[in-house]
Amino acid sequence: MGAINLQNPTARFSAIKDKKLSIDATRGKPSMQQVALSDGILAAPPHHEIEAYQAKTGIDILNYGGNDGLPEMKNIFAEILDISPGDVIVGGNSSLNMMFDAVATMILSGLWVQGKSKILCPSPGYDRHFAICQYLDLPMITIPMTPNGPDMDMVEELARDPDVAGMWCVPVFSNPQGHVYSDETIRRLAAMPTANPHFKLLWDNAYSVHHFQGARPAPVNILPECDKHGHPGRPIIFTSFAKISVPGACVVCMAAAKPTVDVLRKRLLAQTIGPDKINQFQHINFFKNLQGVQAHMEKHAAILRPKFELVNEMFSKYLPEAGATFTSPDGGYFVSVETPPGHAKKVVAKCKEAGVLITDAGATFPYGKDPFDSNIRFAPSFLSMDELEQAAEVFCLAVLTA
Ligand code: PLP
């Protein structure tokens, strides 16, 4: 690892610029090595296996039908989320697609109103959640994040406003910090009174099995917790195989209890005549159950762990010198950096000057506006170890010289 001369980071930065690097560290994508772990899914299932499945279950996966998913796929999602398979609706391709649909369904079914229904957005957060609200004209309210989850005093206060209709949550390994909501936070979200009877928690559990250090987090289960407090329809849960199998060609799900799941199913019946059951079948055969998923995720963890360790080592050495702080998550896909206020945009621009693309500063806030211009999302997963080392060094130099 090239040591940075803290006495003269400017000289080192100029030298690196001369290398004309071209490294894209903007999005949290799994590396090719990770995706290759699921090569077994790419082979088309032999016809005799499809026929055997049909003989056993009566379901023809080569034809229409089975709108909300194959039973075995629902079972795998139910095991991952620790919920009932009856609450699961399986989808294909991208969980963001289902999130967009769920939000649009709230509007189309008259429960939320465009231009009026406000959505609470813990931030720094996931830019694509915010893009859905912006596109569908749902005003967003920024909620500060803490290591235990969103600022709950503020959430409870705002929930008294009848126009506050929902909230984005990434309860495990939040994007970008990698924080896990505390049990207290989850209990308060489940129990709090809301003035809007159609208030929904958009519970994006994208990183539920994505730990690369320590044990799998086991936070309080939101569905039974909401039920206990008389709010069974409050959460709409999402999860995805995007970072388990093949991003963009995977299986995903949304899940909810009554009455919410009925609203979502009704829309699905009007929307489609059936999902891609071949892909579900391939996932079922490849992963089989939660144990299969977890064994597979250990292989992902082995690839991701050294990358996050490298970033942690570099950032620990150099960022405190510049008054910047950063997270050291045990899972998920990102490291969140806080520069001193007013410096994030400058750092990202400097990285670009040196050939390293980082997610735009501000992207982690609603409307792309970080009130302090201090948060930056760093994504180590996609790069090779060599590229990552160079990108991390450029990043540290950019922070030191900005
Ligand atoms: N949710 C979160 C919190 C994410 O960070 C990501 C990807 O970065 C996704 C969802 C995307 O999932 P999918 O590919 O299933 O749309």
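Position one of the sequence shown corresponds to residue 1155 (this note's numbering), numbered consecutively onward. By construction, the Cβ of each residue, glycine as well, lies at the ideal position given by its N, Cα and C atoms. Note that this is a predicted model, so its numbers are computed, not measured.
I'd like to confirm something about residue i: is its beta-carbon nearer than 6 angstroms to some heavy atom of ligand 1, or not?
i	result
V1244	no
A1256	no
L1355	no
G1182	yes
V1324	yes
Y1280	yes
A1403	no
S1238	no
D1193	no
A1360	yes
S1248	yes
S1394	yes
D1406	Here residue 1406 is Val; the residue named in the question, Asp, does not match the sequence. Within the cutoff, so yes.
N1466	no
N1329	yes
So residue i and residue j are in contact, right, with Cβ under 8 angstroms, and what is the actual spacing, rounded?
i	j	result
N1359	P1316	The Cβ separation is near 28 angstroms, so there is no contact.
I1530	T1555	At roughly 15 angstroms, the Cβ-Cβ gap does not stay under 8 angstroms, so I1530 and T1555 are not in contact.
L1235	S1362	7 angstroms
K1270	I1295	Actually they do not touch by this definition, with Cβ atoms about 13 angstroms apart.
I1457	T1180	No, I1457 and T1180 are not in contact; Cβ-Cβ is about 20 angstroms, not under 8 angstroms.
F1469	V1510	Between V1510 and F1469 the Cβ distance is about 14 angstroms, and since that is not below 8 angstroms, they are no contact.
I1243	M1408	5 angstroms
Between the options, which lies nearest to residue i when the distance is taken from Cα to Cα?
i	options	result
H1450	L1224, R1166, F1366, M1539	F1366
G1223	I1432, C1505, G1485, G1446	I1432
P1184	A1546, L1551, A1533	A1533
S1328	P1378, D1307, C1275	C1275
E1338	P1347, P1304, W1322, L1537	P1304
K1453	K1382, A1256, I1398, P1386	I1398
R1282	L1265, F1254, P1293, N1302	F1254
F1536	P1401, K1420, D1381	P1401
E1467	A1455, I1457, T1481	T1481
R1342	L1377, Q1448, H1352, H1333	L1377
M1260	D1416, T1479, M1539	D1416
G1387	A1344, C1404, C1407, A1232	A1344
I1161	K1506, E1475, E1507	Going by the sequence as given, residue 1161 is Gln instead of Ile. Minimum Cα distance to Q1161 is reached at E1475.
V1324	E1310, L1262, K1382, T1393	T1393
G1240	K1354, L1216, F1231, V1309	F1231
M1299	T1518, L1551, F1395, M1539	T1518
V1334	A1369, E1311, M1308	A1369
K1461	G1486, W1322, K1442, G1245	G1486
A1503	A1165, S1249, I1195, A1552	A1552
3-residue-minimum beta strand (DSSP E) runs that sit fully inside the segment 1221-1304, ordered along the chain: 1242-1247, 1272-1277, 1294-1300
Any alpha helix (DSSP H) of 4 or more consecutive residues that is wholly inside the segment 1402-1470: 1414-1425, 1431-1441
Starting from the N-terminal side, write out each stretch of the beta strand (DSSP E) that is 3 residues or longer and does not extend beyond the segment 1355-1395. 1389-1394
What are the complete beta strand (DSSP E) segments, minimum 3 residues, inside the segment 1300-1352? 1318-1323
Which full runs of the beta strand (DSSP E) of 3+ residues lie inside the segment 1497-1522, going along the chain? 1510-1512
What are the complete alpha helix (DSSP H) segments, minimum 4 residues, inside the segment 1172-1210? 1186-1189
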